[in-house]
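Trainee: Here you go, one structure.
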Amino acid sequence: MLNDSNQVLNYSVVAGAFLLSLYIIPYLLDPYDYRRRFSGPWAASFTNSWMSGVVKSGNSSDAISELHKQYGTFVRVGPNHISIADPGALEVVYKHGSELLKSDYYQMFKLGEHHGLFSTQDKHEHSIDLAL
Numbered sequence: 007m008l009n010d011s012n013q014v015l016n017y018s019v020v021a022g023a024f025l026l027s028l029y030i031i032p033y034l035l036d037p038y039d040y041r042r043r044f045s046g047p048w049a050a051s052f053t054n055s056w057m058s059g060v061v062k063s064g065n066s067s068d069a070i071s072e073l074h075k076q077y078g079t080f081v082r083v084g085p086n087h088i089s090i091a092d093p094g095a096l097e098v099v100y101k102h103g104s105e106l107l108k109s110d111y112y113q114m115f116k117l118g119e120h121h122g123l124f125s126t127q128d129k130h131e132h133s134i135d136l137a138l
């Protein structure tokens, strides 16, 4: 019969494997996901923890710059985040009327319950705010 510490260890291993599978299985099930073609740190493919650690270190701009030197213009820095080091992309990504939508990342810039111009994701709402 297992003693209590072995039983806790077994449960911990099972729980860890389950949590790990929550990140890996969706990644493996969608081999055609466009984000897979972008290189970057291995951990950044599955979790935002890598980027969180870089930001907490206070060296995020240096770290991202080094990644661009290593991997090129497009670098995957999170499961849903691609860093682009091309000034020509600024107009395509950020111009008014672009077909690209702002991600949920911009929600953190909300002012209480209200969106500012920067945090507004809805194009129609953004156009109205821009006209004011």
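Just so we're aligned, residue 7 is where the sequence shown starts under the working numbering, counting upward by one. Quick reminder that beta carbons are idealized off the backbone N, C-alpha and C, glycines included. None of these values were measured; they are calculated from a predicted model.
#1: Spatial neighbours of S55 within its chain, please: CB distance less than 8 Å, with the 5 preceding and 5 following residues excluded, ordered by chain position.
#2: Could you check whether the Cβ of W48 sits closer than 8 Å to any heavy atom belonging to the ligand ATP?
#3: Comparing alpha-carbon positions, which option in L28, L73 and V14 lies nearest A91?
#4: Let's test the definition: count the other Cβ atoms within 10 Å of the Cβ of T126 and tell me whether it reaches 16, buried, or not, exposed.
#5: So F44 packs on V19, CB below 8 Å; how close in whole Å?
#6: Measure the alpha-carbon distance for V98 versus G118 and round it to whole angstroms.
#7: Name the DSSP beta bridge partners of R42, please?
Mentor: The structure says:
#1: In the same chain as S55, and ignoring 5 residues on each side of it, the C-beta atoms closer than 8 Å to its own belong to A49, in chain order.
#2: With respect to small molecules bound, the structure shown includes none, and the ligand ATP cannot be examined in it.
#3: Ranking L28, L73 and V14 by Cα distance to A91 puts L73 first.
#4: Buried: at least 16 other Cβ atoms inside 10 Å.
#5: 32 Å between Cβ atoms; not a contact.
#6: The alpha-carbon of V98 is positioned some 30 Å away from that of G118.
#7: Answer is none; R42 lacks a bridge partner.
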